[in-house]
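Engineer: There's a structure below that I have some questions on.
Residue numbers (full-length UniProt numbering): 1 to 748.
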């Protein structure tokens, strides 16, 4: 008889009931529980994690290693797994340790694939062989202790299962119980192993400034694909997210997908490796490039969280699981989240030329169209007249604001809006009082050039004095002013990542200590100022990941606000991240990006697929423009909950130069569906593709209501979910850069 210990974790989850508190605030009231189950079979030494529609299994094999046995679709409770046995060597070139699918493995004993942990000891020894010691199950969490075969190096592996989405959160903590310091040269949160196969396809996200979030695909072949950032922060060139499906899968909502993301806002690395036996493993953690963390006796080093999930409803299903998990389990204040308010930002209207009278005039116009949050951008502090000076000197410019910020804030409040402010705390201009007083505070190598980007240098946030300075001025700013929101920007990557104030063997700790101090400032500010909300911005989408999303309420996906370009940018973003955190501004036309002219209606509909903001120069808008904006803002508020919290279906993606793009979002309670459709250019009298919706209840009745545009003649006003999904409907879209939107409301 198998002896099993089963602990069922009943987790509170967000339900579909919504309590409306104000025009821009809604709290989800939990009304259901979903179990996640962790079992350990002491006879076979097998761990089994069941959560939602997935099962994850690994065991302790005969050499006391942890070996993956299964990850995929949920299995029957009666299914049992035999004890794990390490795989025999494939040849003298491929020993057992290399070809066995390891959960967590040190570099040593003949390992040739990517290790999870690599250490150099003071005597020069670099061999590390980890063995299972013990484990503990606590509700939906599992912790396992491993130890090196001879040295007192301990590793605790942590697993947490989400009962609603099936997503697993993994991390590892290394503890030095030896009598001397050693250097961690590579450390991962863990390795995900997929069923053996040769038909896998990898999806990942790439980009650059103003061109972020491009979805890439490649067949997984023998060898290794490395996704990474060496830039000190997350970076736009790769994003720490992956999805793997079968190569032949073509539909957004069908087929098996294994997916995951790394929650780390520093330099990172995810390797996707197919070994000699066609087994696929995915390893993720801080980037091993230029890495070396000196761990002293009794000190611990904890990895970022590495998340993994499984969907049998295609890449669309994988995205919806990620969105739900982010909203319910990662974002601050979960599960009681506020809906994102409609925001106005003054940057494109005024640039650095901000002053009290000008900002008040913009605030009046913003309030008149229904904006709920007014944000003043760069230029309000120090001697900040352009991007050549002032960064680091965080005092209010007296020439621009002779009475401080309070008169402007009071004016904004009198108009029924809250007030937000732009900051860039981790940067300094050489032309600033801060740099003149503390030139040693920046990342630098002594007697080497200091490379500037956007005329600025990076403050070394790993230093305790720099951390104290940044926290102090932000705390003072929030204490002395009624500020509801900070747009936290970061406009360059690292260079010369030296830390000459510490010993040479400790300098590379900067990669971890910088990011951890960044997180700690955000956490401390949120604790002291709990009503303040924060946006992560980095010249666009260069710092978006599941690490920063634990501390910020929204993110800025791109500086490119061209409404047509945004269709592709927003499409890629939503593969990994929820539209509920995706800021999307309506700006002026033609844009600075492409000099492309687009109607105001088109620009609004593009931005209404995320968290709506407005960044145009309202002083140049006509009365008709303001009237149109007021109407669209009101419509957005009526669909905001669905767009920000619902289930997203990509009916037609703008990928591969598609002429069309269509998204549909269904609310959590199933009562509303919102569809946005866009046409680049019609050709040769071909009609827009027949639109067949998804995610509706077949036997329910839905009523159609147009937001903009029109549908084909003969389209019923009311029909069943089956009709809308199977018969579908025609859209009247013809011409260049046309857009249309409608809602379906469930009536019975």
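All residues carry an ideal CB built from backbone N, CA and C; glycine is no exception.
Pick out whichever of 68, 73 and 104 has its Cα sitting closest to the Cα of residue 87.
Structural biologist: Here residue 87 refers to the residue found at position 87 when the chain shown is read from its first residue. Comparing alpha-carbon positions, the option among 68, 73 and 104 lying closest to residue 87 turns out to be 68.
Engineer: Around the C-beta of residue 439, are 16 or more other C-beta atoms found within 10 angstroms, so that it is buried, or is it exposed?
Structural biologist: Translated into positions along the chain shown, residue 439 becomes position 439. Result: exposed.
Engineer: If you follow the beta strand (DSSP E) that residue 44 is in, where does it begin and where does it stop?
Structural biologist: Counting from 1 along the chain shown, the entry for residue 44 is found at position 44. Run containing residue 44: none; DSSP gives neither H nor E here.
Engineer: Under a three-way DSSP split, which group does residue 634 fall into?
Structural biologist: In the chain shown, residue 634 corresponds to position 634, counting from 1. Residue 634 falls in the helix class under three-state DSSP.
Engineer: According to DSSP, residue 554 sits in a beta bridge with which residue or residues?
Structural biologist: Numbered from 1 along the chain shown, position 554 holds the residue referred to as residue 554. Beta-bridge pairing by DSSP links residue 554 to 535.
Engineer: Which first and last residues belong to the beta strand (DSSP E) in which residue 282 is found?
Structural biologist: The residue you call residue 282 lines up with position 282 of the chain shown. It spans 280 to 286 - the beta strand (DSSP E) in which residue 282 sits, taken as one unbroken run.
Engineer: So the candidates are 643, 62, 220 and 496; which of them puts its Cα closest to the Cα of residue 666?
Structural biologist: Against the chain shown, residue 666 aligns to sequence position 666. Nearest C-alpha to residue 666: 643.
Engineer: For residue 532 and residue 730, I'd like the C-alpha separation in whole angstroms.
Structural biologist: Position 532 of the chain shown, counting from 1, holds the residue named residue 532. Position 730 of the chain shown, counting from 1, holds the residue named residue 730. About 45 Å.
Engineer: Taking 8 Å as the threshold (C-beta atoms), are residue 431 and residue 388 in contact?
Structural biologist: By one-based count along the chain shown, residue 388 stands at place 388. By one-based count along the chain shown, residue 431 stands at place 431. Yes, Cβ-Cβ distance for residue 388 and residue 431 is below 8 Å.
Engineer: Just tell me which of 443, 502, 72 and 547 has its CA closest to the CA of residue 263.
Structural biologist: As a first step, residue 263 must be located in the chain shown, where it is residue number 263. Here the closest residue by C-alpha is 547.
Engineer: Quick one: what does DSSP say residue 445 is sitting in, helix, strand or coil?
Structural biologist: Translated into positions along the chain shown, residue 445 becomes position 445. Coil, per DSSP.
Engineer: Can the beta-carbon of residue 340 be found less than 8 Å from the beta-carbon of residue 611?
Structural biologist: The residue you call residue 340 lines up with position 340 of the chain shown. The residue you call residue 611 lines up with position 611 of the chain shown. Yes. Within cutoff.
Engineer: State the start and end residues of the unbroken beta strand (DSSP E) segment that holds residue 241.
Structural biologist: Taking the chain shown and counting its residues from 1, the one referred to as residue 241 is at position 241. First-last of the beta strand (DSSP E) with residue 241: 241 to 246.
Engineer: Check the DSSP bridge columns for residue 203 and list the partner residues they point to.
Structural biologist: Position 203 of the chain shown holds residue 203. In the DSSP output, where bridge partners are listed per residue, residue 203 has 217 and 243.
Engineer: Quick one: is residue 706 buried, meaning 16 or more other Cβ sit within 10 Å of its Cβ, or exposed?
Structural biologist: Within the chain shown, numbered from 1, the residue matching residue 706 stands at position 706. The residue in question, residue 706, is exposed, as its Cβ has fewer than 16 Cβ neighbours within 10 Å.
Engineer: In chain order, what residues of the same chain have a beta carbon less than 6 Å from the beta carbon of residue 235, not counting five sequence neighbours either side?
Structural biologist: Position 235 of the chain shown, counted from the first residue, corresponds to residue 235. 229 and 542, listed in sequence order.
Engineer: Going by beta-carbon coordinates alone, are residue 647 and residue 653 separated by less than 8 Å?
Structural biologist: Looking up residue 647 in the chain shown gives position 647. Looking up residue 653 in the chain shown gives position 653. No, the Cβ-Cβ distance between residue 647 and residue 653 is not below 8 Å.
Engineer: Count the other CB atoms within 10 Å of the CB of residue 170; is the residue buried (16 or more) or exposed (fewer)?
Structural biologist: For the purposes of this step, residue 170 is taken as residue 170 along the chain shown, with counting starting at 1. So residue 170 ends up on the buried side.
Engineer: Could you check how far apart the C-beta atoms of residue 65 and residue 100 are, in whole angstroms? I think they sit under 8 Å.
Structural biologist: Sequence index remark: in the chain shown, residue 65 carries index 65 (1-based). Sequence index remark: in the chain shown, residue 100 carries index 100 (1-based). So it is a contact: roughly 7 Å between Cβ atoms.
Engineer: Considering only the alpha carbon of each residue, which of 302, 510, 452 and 638 lies closest to residue 491?
Structural biologist: Working through the chain shown from its first residue, we reach residue 491 at position 491. Out of 302, 510, 452 and 638, 452 has the C-alpha closest to the C-alpha of residue 491.
Engineer: Quick one: what does DSSP say residue 473 is sitting in, helix, strand or coil?
Structural biologist: Taking the first residue of the chain shown as 1, we reach residue 473 at position 473. Note: residue 473 maps to helix in three-state DSSP.
Engineer: What number of angstroms, rounded off, separates the C-alpha of residue 484 from the C-alpha of residue 409?
Structural biologist: Numbered from its first residue, the chain shown carries residue 484 at position 484. Numbered from its first residue, the chain shown carries residue 409 at position 409. Each residue's Cα considered, the two are about 10 Å apart.
Engineer: In the DSSP assignment, what residue or residues form a beta bridge with residue 498?
Structural biologist: Your numbering for residue 498 matches position 498 in the chain shown. For residue 498, which the question treats as bridged, DSSP gives no partner whatsoever.
Engineer: State the DSSP-derived secondary structure class of residue 584, mapped to helix, strand or coil.
Structural biologist: For this step, residue 584 is matched to residue 584 along the chain shown. Correct three-state label for residue 584: strand.
Engineer: Can you list, in chain order, the residues of its chain with a C-beta nearer than 7 Å to that of residue 90? Leave out the 5 residues immediately preceding and following it.
Structural biologist: Residue mapping note: residue 90 aligns to position 90 of the chain shown, counting from 1. Correct list, in chain order: 99, 276 and 277.
Engineer: In chain order, which continuous runs of the beta strand (DSSP E) of length 3 or greater are located wholly inside the UniProt domain "Glycosyl hydrolase family 36 C-terminal" (661 to 744)?
Structural biologist: Fully enclosed beta strand (DSSP E) runs of no fewer than 3 residues occupy 672 to 681, 701 to 708 and 718 to 720 of the UniProt domain "Glycosyl hydrolase family 36 C-terminal" (661 to 744), in order along the chain.
Engineer: Using the DSSP secondary-structure output, state which residues sit across from residue 228 in a beta bridge.
Structural biologist: Here residue 228 refers to the residue found at position 228 when the chain shown is read from its first residue. In DSSP, residue 228 forms a bridge with 269.
Engineer: Any idea what DSSP makes of residue 748, helix, strand or coil?
Structural biologist: Locating residue 748 in the chain shown gives position 748, counting from the first residue. In the structure shown, residue 748 sits in coil (DSSP, three-state: anything other than H, G, I, E or B).
Engineer: Go ahead and pull the three-state DSSP assignment for residue 413.
Structural biologist: Numbered from 1 along the chain shown, position 413 holds the residue referred to as residue 413. Correct three-state label for residue 413: helix.
Engineer: Whose C-alpha, out of 521, 746 and 315, is nearest the C-alpha of residue 672?
Structural biologist: The sequence position of residue 672 within the chain shown is 672, counting from 1. For residue 672, the nearest C-alpha among the options comes from 746.
Engineer: Using three-state DSSP, classify residue 31 as helix, strand or coil.
Structural biologist: As a working note, residue 31 is residue 31 in the chain shown. No answer about residue 31 holds up, because its pLDDT of 41 lies below 50 and its placement is not dependable.
Engineer: Is there contact between the region 209 to 220 and the region 186 to 201, where contact requires at least three CB pairs shorter than 8 Å?
Structural biologist: Segment contact: the region 209 to 220 against the region 186 to 201, three or more CB-CB distances shorter than 8 Å; contact assigned.
Engineer: When the Cβ atoms of the region 340 to 352 are set against those of the region 308 to 321, are three or more pairs found closer than 8 Å?
Structural biologist: no
Engineer: CB residue 51 to CB residue 166, shorter than 8 Å?
Structural biologist: In the chain shown, counting from the first residue as 1, residue 51 sits at position 51. In the chain shown, counting from the first residue as 1, residue 166 sits at position 166. Closer than 8 Å, so yes.
Engineer: Compare the Cα-Cα distances from residue 724 to each of 698, 595 and 709 and report the closest residue.
Structural biologist: What you label residue 724 is simply residue 724 of the chain shown in a count that begins at 1. Among 698, 595 and 709, the Cα nearest to that of residue 724 is on 698.
Engineer: Which residue or residues does DSSP assign as beta-bridge partners of residue 173?
Structural biologist: As a position in the chain shown, residue 173 is number 173, starting the count at 1. Residue 173 is bridged to 156 and 302.
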